[in-house]
Amino acid sequence: GRRLGRAAALVGALAAGASAAAWGVRPWERGTAASVALAAPAALAAPATLLVARDGDCTAVSLAGEAGCPETPGELAEDLAVWMQRSGPSGSGSRAYRTMGFPHVRRRLQGLWEEHKLLVSCYAAFQWLRSGVHKNEEPGPPVADDVQRGLQRVNERPNKDSTDEELRSWLSTTYGGSRSKRLLASATARSEEEALSELRAFFAWFRDNFPYYRGACGSCGSDGRFLGLARPPQEEREDGSAAVQEVYICSACNGTTCFTRFRTAPPVLRSRRGRCGEYSWLSLRLLEALGFPARWVDNHAGHVWVEARVLGRWVHVDPCEAAVDQPLLYAEQWGRCPEHVLAYRSAPGRTAGDGSLPAVVADVTEHYRPASAGQVAEETRRAVAEAVAEAQAREAARTVQVANAMVGGAT
Numbered sequence: 042g043r044r045l046g047r048a049a050a051l052v053g054a055l056a057a058g059a060s061a062a063a064w065g066v067r068p069w070e071r072g073t074a075a076s077v078a079l080a081a082p083a084a085l086a087a088p089a090t091l092l093v094a095r096d097g098d099c100t101a102v103s104l105a106g107e108a109g110c111p112e113t114p115g116e117l118a119e120d121l122a123v124w125m126q127r128s129g130p131s132g133s134g135s136r137a138y139r140t141m142g143f144p145h146v147r148r149r150l151q152g153l154w155e156e157h158k159l160l161v162s163c164y165a166a167f168q169w170l171r172s173g174v175h176k177n178e179e180p181g182p183p184v185a186d187d188v189q190r191g192l193q194r195v196n197e198r199p200n201k202d203s204t205d206e207e208l209r210s211w212l213s214t215t216y217g218g219s220r221s222k223r224l225l226a227s228a229t230a231r232s233e234e235e236a237l238s239e240l241r242a243f244f245a246w247f248r249d250n251f252p253y254y255r256g257a258c259g260s261c262g263s264d265g266r267f268l269g270l271a272r273p274p275q276e277e278r279e280d281g282s283a284a285v286q287e288v289y290i291c292s293a294c295n296g297t298t299c300f301t302r303f304r305t306a307p308p309v310l311r312s313r314r315g316r317c318g319e320y321s322w323l324s325l326r327l328l329e330a331l332g333f334p335a336r337w338v339d340n341h342a343g344h345v346w347v348e349a350r351v352l353g354r355w356v357h358v359d360p361c362e363a364a365v366d367q368p369l370l371y372a373e374q375w376g377r378c379p380e381h382v383l384a385y386r387s388a389p390g391r392t393a394g395d396g397s398l399p400a401v402v403a404d405v406t407e408h409y410r411p412a413s414a415g416q417v418a419e420e421t422r423r424a425v426a427e428a429v430a431e432a433q434a435r436e437a438a439r440t441v442q443v444a445n446a447m448v449g450g451a452t
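See below:
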């Protein structure tokens, strides 16, 4: 009763736009937790239960009922304690907060994220933290912002990403000199089957040497339990363009493992850890270094892969599956028939850091659907077409601005 009342008082302060002093309220003793039912904020689709836990100078806030988030105050307190002991901020007097995504305190939480004092429960909460958007429904067709992010992904490449020469050197050293030469020659081969054979051999090797990361402990290899998302160290943000890292606790040795979501090739080549995001980008860069025109493909439903142009034909390549020229893999083997697949390609001839040329996007959905699946719903096709058109218009306007700025800087 008394603890719950104090929890409600803290919730009231947060909902009203709490000041910095309000965040210093200490209504519970070490190791205690509470919950309170809330009316649904505008950004949520249904009423929610706010979970609040405290451990020393650290506070955890979460919403029960969200996928991947703690369901009880006790579970939340447990996660907070583990994070603070092993991965959280250190030093006397430091405070940290964990949240699922309570809209009224988003600005304050963004500041805590910048200070490395926030553990976010899941990717839905992370999306909310960055954009203010919180969705409880299944993924729908991409909107213009989604398409624009895809265009930016392939065009605005970090200066610290690997060069073509560095990647070819890595291939020669790691994949082997003779095999690398055959792979390089396959980009200009006159036989499609010869080129596809070399690509299949390489990506079979790639899958064996770059396994899909599922949260294994970095010390003993046992399965880990997902704790949440934290801000990566400055070095990883600068060198790997990383925006987030996943934190896991080992079920066997109780150690903590951080899995940083890198967006450049070098750290992935070193760690040999990744998922479709890391491996699709690395594959795109490797294909380009070999001389294949390549594009990055997003089904806008949680999976990405690449395509390589082989003798005038765009060929499906999925590094996580070691799949080459198997476009019906997702519909026939995964049981997920794609409804909105977009292929993104950077402007030919561009260099790292040069954003003056527009990237291009193509709707390739039909290539990944069997004939038996029929046509995608008209409403979905129209939504995708409108999103692509709007994003392309934004991209064209952006490149004009960049070009004008370059001209202005040269005069």
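For the sequence shown, this note's numbering gives the first residue as 42, with consecutive numbering after it. Don't be surprised by glycine CBs; every beta carbon is placed ideally from N, CA and C. Because the structure is a prediction, the values reported are computed rather than measured.
- Query: Any idea what DSSP makes of Y253, helix, strand or coil?
  - Reply: As a first step, residue 253 is located in the sequence shown; it is residue number 212 there, counting from the start. Y253 carries a strand assignment under DSSP once its states are collapsed to helix, strand and coil.
- For R354, count neighbouring C-beta atoms within 10 Å of its own C-beta (all shown protein chains included) and say buried if the count is 16 or more, exposed if not. As a working note, residue 354 is residue 313 in the sequence shown. Within a 10 Å sphere around the beta-carbon of R354 sit fewer than 16 other beta-carbons, which makes this residue exposed.
- Task: Can you give me the start and stop residues for the alpha helix (DSSP H) that L327 sits inside?
- Result: Numbered from its first residue, the sequence shown carries residue 327 at position 286. Following the DSSP letters along the chain, one finds L327 inside the alpha helix (DSSP H) bounded by residues 317-331.
- Is it buried or exposed for K158, if we count other Cβ within 10 angstroms and need 16 for buried? Within the sequence shown, the letter at position 117 stands for residue 158. In summary, K158 is buried, with 16 or more beta-carbon neighbours lying within 10 Å of its beta-carbon over all protein chains present.
- Message: Rounded to whole angstroms, what is the Cα-Cα separation between A242 and V338?
- Response: Reading the sequence shown from its first residue, position 201 is the one you call residue 242. Reading the sequence shown from its first residue, position 297 is the one you call residue 338. If you draw a straight line from the Cα of A242 to the Cα of V338, it comes to about 21 Å.
- Query: Taking the Cβ atom as the reference point for each residue, do Y289 and F267 lie within a distance shorter than 8 Å?
  - Reply: Position 248 of the sequence shown, counted from the first residue, corresponds to residue 289. Position 226 of the sequence shown, counted from the first residue, corresponds to residue 267. Closer than 8 Å, so yes.
- Select from A236, V285, Q193, L383 the residue whose C-alpha is nearest the C-alpha of C163. For the purposes of this step, residue 163 is taken as residue 122 along the sequence shown, with counting starting at 1. Distance check between C163 and each of A236, V285, Q193, L383 places V285 closest, using alpha-carbon atoms only.
- Message: Rounded to whole angstroms, what is the Cα-Cα separation between L19 and L150?
- Response: Lying before the first or after the last residue shown, residue 19 is absent from the chain, which here runs from 42 to 452.
- Item | Separation of P334 from A228, as counted between CA atoms | Position 187 of the sequence shown, counted from the start, is the residue given in the question as residue 228. Position 293 of the sequence shown, counted from the start, is the residue given in the question as residue 334. Computed Cα separation, rounded: 9 Å.
- Message: Residues in the same chain with beta-carbon distance under 6 Å from A61, minus the five sequence neighbours each way, listed in chain order, please.
- Response: Within the sequence shown, numbered from 1, the residue matching residue 61 stands at position 20. Its pLDDT being 29, under 50, A61 is placed unreliably in this model, and the value from its coordinates should be taken loosely. Correct list: empty, nothing qualifies.
- Query: Could you check where the beta strand (DSSP E) with Y289 kicks off and where it finishes?
  - Reply: Here the question's residue 289 lines up with position 248 in the sequence shown. Where Y289 is concerned, the enclosing beta strand (DSSP E) stretches over 286-291.
- Message: Taking only three categories from DSSP, how would you classify D339?
- Response: Reading the sequence shown from its first residue, position 298 is the one you call residue 339. In the three-state reduction of the DSSP assignment, D339 falls in the strand class.
- Per DSSP, what kind of secondary structure is E348 in: helix, strand or coil? By 1-based counting over the sequence shown, the position of residue 348 is 307. Of the three classes helix, strand and coil, the one that applies to E348 here is strand, per DSSP.
- Message: Helix, strand or coil, according to DSSP, for T301 in the structure here?
- Response: In the sequence shown, counting from the first residue as 1, residue 301 sits at position 260. The three-state secondary structure of T301, taken from DSSP, is strand.
- Within this structure, are the beta carbons of V345 and R336 separated by less than 8 Å? Taking the first residue of the sequence shown as position 1, residue 345 is located at position 304. Taking the first residue of the sequence shown as position 1, residue 336 is located at position 295. One thing to note: V345 has its Cβ no nearer than 8 Å to the Cβ of R336.
- What residue range is occupied by the uninterrupted alpha helix (DSSP H) comprising R266? Start at 1 with the first residue of the sequence shown, and residue 266 comes out as number 225. Where R266 is concerned, there is no enclosing alpha helix (DSSP H), although the beta strand (DSSP E) it sits in stretches over 265-271.
- Message: Quick check: the segment 364-378 against the segment 307-321, are at least 3 beta-carbon pairs closer than 8 Å?
- Response: The answer is no - the segment 364-378 does not touch the segment 307-321, with fewer than three Cβ pairs under 8 Å.
- Could you tell me the distance, in whole angstroms, from the CA atom of P273 to the CA atom of A230? Numbered from 1 along the sequence shown, position 232 holds the residue referred to as residue 273. Numbered from 1 along the sequence shown, position 189 holds the residue referred to as residue 230. C-alpha separation (whole angstroms): 42 Å.
- Query: With respect to the alpha helix (DSSP H) encompassing R354, which residues constitute its N-terminal and C-terminal limits?
  - Reply: If you number the sequence shown from 1, residue 354 lands on position 313. Run containing R354: none in the alpha helix (DSSP H); it sits in the beta strand (DSSP E), 354-359.
- Query: Closest to C261 by CA distance: which of A245, C294, S282 is it?
  - Reply: Here residue 261 refers to the residue found at position 220 when the sequence shown is read from its first residue. It is C294 whose Cα lies nearest to the Cα of C261.
- Query: What residues match up with Y385 in a beta bridge as DSSP calls it?
  - Reply: Along the sequence shown, read from residue 1 onward, the residue named residue 385 stands at position 344. Among the bridge pairs identified by DSSP, Y385 is matched with W337, V402.
- Quick one, which of A271, R190, E277 has its alpha-carbon nearest E287's? Translated into the one-based positions of the sequence shown, residue 287 becomes position 246. Checking every option, the nearest Cα to that of E287 belongs to A271.
- Message: I'd like the span of the beta strand (DSSP E) that includes V184, first residue to last.
- Response: For this step, residue 184 is matched to residue 143 along the sequence shown. From DSSP, V184 is part of no beta strand (DSSP E); its letter is neither H nor E.
- Message: Can you tell me whether A364 is helix, strand or coil according to DSSP?
- Response: Sequence index remark: in the sequence shown, residue 364 carries index 323 (1-based). Reduced to three states, the DSSP call for A364 is strand.
- Message: Only counting the same chain, and skipping five residues up and downstream in sequence, which positions put a Cβ closer than 7 Å to that of G265?
- Response: Locating residue 265 in the sequence shown gives position 224, counting from the first residue. The beta carbon of G265 sits closer than 7 Å to those of G256, A257, C258, Y289, I290, C291, S292, T298, all from its chain and outside the five residues before and after it, given in chain order.
- Message: Measuring straight from C-alpha to C-alpha, what distance separates A444 and D202?
- Response: Sequence index remark: in the sequence shown, residue 444 carries index 403 (1-based). Sequence index remark: in the sequence shown, residue 202 carries index 161 (1-based). Straight-line Cα distance between these residues: approximately 23 Å.
- Task: Could you check what DSSP says for V161 in three-state terms: helix, strand or coil?
- Result: Reading the sequence shown from its first residue, position 120 is the one you call residue 161. Secondary structure of V161 (DSSP, three-state): strand.
- Query: Helix, strand or coil for W69 per DSSP?
  - Reply: Your numbering for residue 69 matches position 28 in the sequence shown. For W69, the predicted structure reports a pLDDT of 28, less than 50, and the residue's modelled location is therefore unreliable. The matter cannot be settled from this model.
- Item | Distance, A403 Cα to A245 Cα | Within the sequence shown, residue 245 is the residue found at index 204, counting from 1. Within the sequence shown, residue 403 is the residue found at index 362, counting from 1. Cα to Cα, the separation comes out at about 28 Å.
- Item | Where T274 falls: helix, strand or coil (DSSP) | Position 233 of the sequence shown holds residue 274. First, the residue type needs correcting, since residue 274 is Pro and not Thr in the sequence shown. In the structure shown, P274 falls within a coil segment according to DSSP collapsed to helix, strand and coil.
- Please name the residue, chosen from P360, A342, P368, that lies closest to R326 on a Cα-to-Cα basis. Working through the sequence shown from its first residue, we reach residue 326 at position 285. For R326, the nearest C-alpha among the options comes from P360.
- Have a look at Y409 and L369 and give me their C-alpha separation to the nearest angstrom. Translated into positions along the sequence shown, residue 409 becomes position 368. Translated into positions along the sequence shown, residue 369 becomes position 328. Roughly 5 Å between the two C-alpha positions.
- Is S221 closer than 8 Å to E213 when the C-beta atoms are compared? Position 172 of the sequence shown, counted from the start, is the residue given in the question as residue 213. Position 180 of the sequence shown, counted from the start, is the residue given in the question as residue 221. One point to set straight first is that residue 213 is Ser, not Glu, in the sequence displayed. Using a Cβ distance threshold of 8 Å, S213 and S221 count as a contacting pair.
- Limits of the alpha helix (DSSP H) - the one that T214 falls within: As a working note, residue 214 is residue 173 in the sequence shown. Note, T214: alpha helix (DSSP H), 205-215.
- Item | Spatially closest choice to V351 from H341, V365, N340, by CA coordinates | Numbered from its first residue, the sequence shown carries residue 351 at position 310. Of the candidates H341, V365, N340, the one whose C-alpha sits nearest the C-alpha of V351 is V365.
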